[in-house]
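Structure first, commentary second.
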Amino acid sequence: MLHGRSAETARIDELLAAARDGRSGVLVIRGEAGVGKTALLDYAAAAAGMRVLRGTGIESEAELPFAALQLLLRPGLGLLDLLPPPQARALRGAFGLAGTPEAPGADRFLIGLAALSLLSELAGDGALLCLIDDAHWLDRASADALLFAARRLESEGVVLLIVAREDGFDAPGLPELPLGRLGREASRALLAERAPGLPPGLADRVLAEADGNPLALFELSVALSGASGLPVTLAASPEFPAPLPLPRRLQQTYYRQVAALPAPTRTFLLVAAAEETGGQGQSLTAEPGALAEIARVRAWVAMERGAMHRVHELVVAGAEPIAGSDPMTAAALLRLGAVAGWWAGDAKLVQDAADRMTGLGRSELIPGPGALQAMADLLAGRPAAAVPRLAEVVAAVRQSRPEQLAVRFYAANMALLIGDFDSARDLMLSTARACRTQGVIRFLARSRSSA
Ligand SMILES: Nc1ncnc2c1ncn2[C@@H]1O[C@H](COP(=O)(O)OP(=O)(O)OP(=O)(O)O)[C@@H](O)[C@H]1O
Ligand SMILES: [Mg+2]
C-alpha cells in the first residue's frame, strides 16, 4: 500500500478517467532515487483497468539507439501494417527489421509519428496506459521519439506516465509532477507496516536517517530487524548510537549520487562528514541543530547540481525546527534559499524566504528580511524600492566589515545585483583575503555558525 501519496494518485486517477473518455494525457514524475517513482507506476498499472504497456530506460542500453522504444513497442509490432507505409518503414528500419531507410533527419520525424500512430493503434477502441520507468536512462533516440509522440497526443485515449530522476531526462513542454519525500506521518505508517517489531528508539533513528525516503526507510528497517547482527539496543542508544548498517541497494544509490558530483562537492561532503558537529553522534539523534547542518550541506550539494527548488525545500525544512532556538542559523539557511530562488529566477521562492525570515522576528539580521524582500522585488520587476534598499545593505556591510565572512559574501552578491561593481570587488577581495588567513574550512564552519 502507498503511504502519503494521495495527491499523486489522484492526479493519476484523473488521467486514467480522462483516457477512458478518449482524452489522452501525459505526466512526467520526477524524484530522487528510492523516493517511490516505480511504486507510483505500479499503482497506475493496478488502477488502470485498461491495456498497459511498460517500458524502461536501462543503463547498459542507454547508448543503443531505439533500444528502449523497441522494448516498449514490442507488443505492437504485429500492428505495424496498419500504419501509413512510410511510418511503418521508418520504424522497421529503426528496429532492425528492414534495410536502413533514407535521410536520418526525415527518419526521426517519421519514427516519432510512427510511435504516436502505434500507441493509438494499441489503444484501439479502448484506452492505453503507457508507463516509462527510469527515463533518465533512455537512449537519446527513444527519448526523442517518445517526447515527439507525447507532445502530440490528443484524443487517442492514451495515458503516458514517465518517471525519471532529477537529472538526465529533459522533457520540455510536458507537464511535470515533482515527487518529494514522505512526510513524518506517512514515513511512520510505512515503517509500522514494513517493520512492525522495531523498538520505538530504533524506529526514531530510522525515521531520522531515512528522512522520508521510502527506499531508505524500507532497507534500513529490514537490515535492522534481520540478519545484520547489529545489537539492537546499541543502535537505539541515544548517547552512543552504533552506526546503522547500510544495505547494499542503499549504498549503491548513495554511491551513484556522490560519484556523479563534481570533485569540489565531493571534497565538501568529505569535510562535512569529518566535521565534528555534522558527525553521526548528533545527526542520528535527530537533534534539530544537526539536522539543520545536514540540510545546509544537502542544500549546497543541490545548488551545485543546479536544483534550485530543491535547495529551497531543504533550507526551509532545516530552518523551521530551529526558528525559535537558533534564529541566526535559521536566517543563514533562509539566505541560501533566497539565493537559490534568485538563481532559479523565481520571485515566489525569494519572497517565501523573505517572509520566513520576517517570521523570525529579529531586527538585527544583516542581510535581513528587507534585503531578501528587495531581491524578490527585483525579480518581480519592481526595482524602484529594491535598489535603494540593497544599496543600504551593501554600504552598511562595506563600512562595518563584520567578522562574519558570509555576511560580506552575501553583501558582495547584492552589490553585483545592483551593478555596484566597486563594492562587489572590495567585499569579495576582503572575503578572499580572510579565507587565505583563516583557511577555507574554517570559513565554511564560520559561515554556518555566524552568518
Ligand atoms: N508511498 C509509499 N508507500 C509505501 N511504500 C513505498 C512508497 N513509495 C515507495 N515505496 C517502497 O519503497 C521502495 C522504493 O520505491 P521505488 O522503487 O518505487 O523507488 P524509485 O523512486 O523507483 O527508485 P529508483 O530511482 O531507484 O528507481 C519500494 O519497495 C517501494 O515499494
Ligand atoms: Mg524505480
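FYI, in our numbering the residues of the sequence shown are 1129 to 1579.
For glycine and all other residues, C-beta sits at the position ideal for the given N, C-alpha and C.
All values derive from a computational prediction rather than experimental measurement.
Worksheet item: Would a check of beta-carbon distances place Leu1256 closer than 9 angstroms to chain D?
Response: Annotation note: the requested chain D is absent from the structure, which comprises a single protein chain.
Discussion item. According to DSSP, is Met1129 part of a helix, a strand, or is it coil?
Written reply: If DSSP states are grouped into helix, strand and coil, Met1129 belongs with coil.
Worksheet item: Looking at C-alpha atoms only, which residue of Ala1161, Glu1284, Ala1243 is the closest neighbour of Tyr1383?
Response: Of all alpha-carbon atoms in Ala1161, Glu1284, Ala1243, the one lying nearest the alpha-carbon of Tyr1383 is that of Ala1161.
Item to complete: Check Asp1332 in the structure and name its three-state DSSP category.
Response: Judged by DSSP in its simplified three-state form, Asp1332 adopts helix.
Worksheet entry | Of the listed residues Phe1297, Ala1317, Pro1213, Gly1325, nearest to Met1129 (C-alpha basis) | Nearest of Phe1297, Ala1317, Pro1213, Gly1325 to Met1129, Cα basis: Ala1317.
Item to complete: Helix, strand or coil for Gly1183, going by three-state DSSP, please let me know.
Response: In the structure shown, Gly1183 sits in a strand (DSSP, three-state: E or B).
Discussion item. Here's the rule: buried if 16 or more other CB atoms are within 10 angstroms of the residue's CB, otherwise exposed. What is Arg1517?
Written reply: That one is buried.
Discussion item. Taking the alpha helix (DSSP H) that Arg1312 belongs to, which residues open and close that run?
Written reply: 1312-1322 is the extent of the alpha helix (DSSP H) around Arg1312.
Worksheet item: Skipping 5 residues on each side, what residues in its chain have a beta carbon closer than 7 angstroms to that of Phe1223?
Response: The residues are Phe1194, Gln1198.
Worksheet item: Taking the alpha carbon of His1131 as the point to measure from, which residue in Ser1270, His1440, Arg1309 has its own alpha carbon closest?
Response: From the listed residues Ser1270, His1440, Arg1309, the smallest Cα separation to His1131 is found for Arg1309.
Discussion item. Whole angstroms are fine: how far does the CA of Gly1204 sit from the CA of Thr1184?
Written reply: The straight-line gap from Cα to Cα measures roughly 16 angstroms.
Fill in: CB contact flag (Glu1108, Ala1242, <9 angstroms)
Since the displayed the chain opens at 1129 and closes at 1579, residue 1108 lies outside it and no answer follows.
Item to complete: Consult DSSP for Glu1304 and reduce its assignment to one of helix, strand or coil.
Response: DSSP places Glu1304 in strand when its eight states are reduced to three.
Discussion item. Please identify the residue among Gly1452, Gly1489, Val1429 whose C-alpha is closest to the C-alpha of Gly1465.
Written reply: Minimum Cα distance to Gly1465 is reached at Val1429.
Worksheet item: So, do the region 1286-1303 and the region 1254-1271 have three or more beta carbon pairs nearer to each other than 8 angstroms?
Response: Yes: the two stretches touch, three or more of their Cβ pairs being nearer than 8 angstroms.
Worksheet item: Between the beta-carbon of Asp1272 and the beta-carbon of Arg1236, is there less than 9 angstroms?
Response: A contact, by the Cβ cut-off of 9 angstroms.
Practice prompt. Work out the CA separation of Gly1498 and Ala1514 for me, nearest whole Å.
Written response: Note on geometry: alpha-carbon atoms of Ala1514 and Gly1498 lie some 9 angstroms from one another.
Practice prompt. Pick out whichever of Ala1226, Gly1221, His1264, Ala1277 has its Cα sitting closest to the Cα of Ser1248.
Written response: Cα-wise, what sits closest to Ser1248 is Ala1277.
Worksheet item: Rounded to whole angstroms, how far is the Cβ of Leu1507 from the Cβ of Trp1471, which I believe are closer than 8 angstroms?
Response: Beta-carbon to beta-carbon, Leu1507 and Trp1471 are separated by about 11 angstroms, too far to satisfy the 8 angstroms threshold.
Worksheet entry | Exposure of Arg1293, with buried meaning 16 or more beta-carbon neighbours within 10 Å | Looking at its Cβ environment, which holds 16 or more other Cβ atoms inside 10 Å, Arg1293 is buried.
Discussion item. Tell me which residues share the same chain as Leu1305 and place their Cβ nearer than 8 angstroms to its Cβ, disregarding the 5 neighbours each side in the sequence.
Written reply: Scanning its chain for C-beta atoms nearer than 8 angstroms, with the 5 sequence neighbours on each side dropped, one finds around Leu1305 the residues Glu1136, Arg1139, Leu1155, Val1156, Ile1157, Arg1158, in chain order.
Practice prompt. Ignoring anything shorter than 3 residues or poking outside the region 1271-1297, list the beta strand (DSSP E) runs there in chain order.
Written response: Those beta strand (DSSP E) runs which fall completely within the region 1271-1297 and span 3+ residues are 1286-1292.
Item to complete: Rounded to whole angstroms, what's the CA-CA distance from Leu1168 to Leu1419? Just pull it up for me.
Response: When rounded, the distance between both Cα atoms is 28 angstroms.
Worksheet item: Going by C-alpha distance, which of Val1350, Thr1457, Leu1319 is nearest Arg1424?
Response: Of the residues Val1350, Thr1457, Leu1319, the one whose Cα lies closest to the Cα of Arg1424 is Thr1457.
Worksheet item: Roughly how many angstroms lie between the CA atoms of Ala1216 and Gly1177, to the nearest whole one?
Response: Rounded to whole angstroms, Ala1216 to Gly1177 spans 29 angstroms at the Cα level.
Worksheet entry | Among Leu1181, Glu1187, Leu1244, Ala1502, the one whose alpha carbon lies nearest that of Lys1476 | Nearest of Leu1181, Glu1187, Leu1244, Ala1502 to Lys1476, Cα basis: Ala1502.
Worksheet entry | 9 angstroms Cβ cutoff met for Gly1153 and Arg1133 | No, the Cβ-Cβ distance between Gly1153 and Arg1133 is not below 9 angstroms.
Worksheet item: Would you call Leu1225 buried or exposed, if buried means 16 or more other Cβ atoms sit within 10 Å of its Cβ?
Response: By the 10 Å Cβ count, Leu1225 comes out exposed.
Worksheet item: Arg1484: which of Pro1455, Asp1505, Glu1492, Gly1473 sits nearest, CA to CA?
Response: Checking every option, the nearest Cα to that of Arg1484 belongs to Pro1455.
Worksheet entry | Backbone CA spacing between Thr1486 and Leu1493 [nearest angstrom] | A straight-line Cα-Cα distance of about 10 angstroms links Thr1486 and Leu1493.
Worksheet item: Buried or exposed: which applies to Glu1441, given that a residue is buried once 16 or more other Cβ atoms fall within 10 Å of its Cβ?
Response: Counting Cβ neighbours within 10 Å, Glu1441 comes out buried, since at least 16 surround it.
Fill in: Residues near Gly1409 in its chain [Cβ-Cβ closer than 7 angstroms; skip 5 each side]
With a pLDDT of only 40 at Gly1409, under 50, the local geometry of the prediction cannot be trusted, and the value read off the model is given with reservation. If we look at Gly1409 and ignore the five residues flanking it on each side, it has no Cβ neighbours.
Item to complete: Could you tell me the boundaries of the beta strand (DSSP E) in which Arg1256 lies?
Response: The sequence shown places Leu at residue 1256, rather than the Arg named in the question. Counting along the chain, Leu1256 sits inside the beta strand (DSSP E) bounded by residues 1256-1261.
Item to complete: Could you check how far apart the C-beta atoms of Glu1337 and Leu1352 are, in whole angstroms? I think they sit under 8 angstroms.
Response: At roughly 10 angstroms, the Cβ-Cβ gap does not stay under 8 angstroms, so Glu1337 and Leu1352 are not in contact.
Discussion item. Quick check on this structure: which residue in Ser1270, Arg1220, Leu1143 has the alpha carbon closest to the alpha carbon of Glu1191?
Written reply: Selected option, being the one with the closest Cα: Ser1270.
Item to complete: Could you pull out every residue in the same chain whose Cβ sits closer than 6 angstroms to the Cβ of Gly1452, ignoring the five residues on either side in sequence?
Response: Excluding five sequence positions before and after Gly1452, none of the CB atoms of its chain fall closer than 6 angstroms to its own CB.
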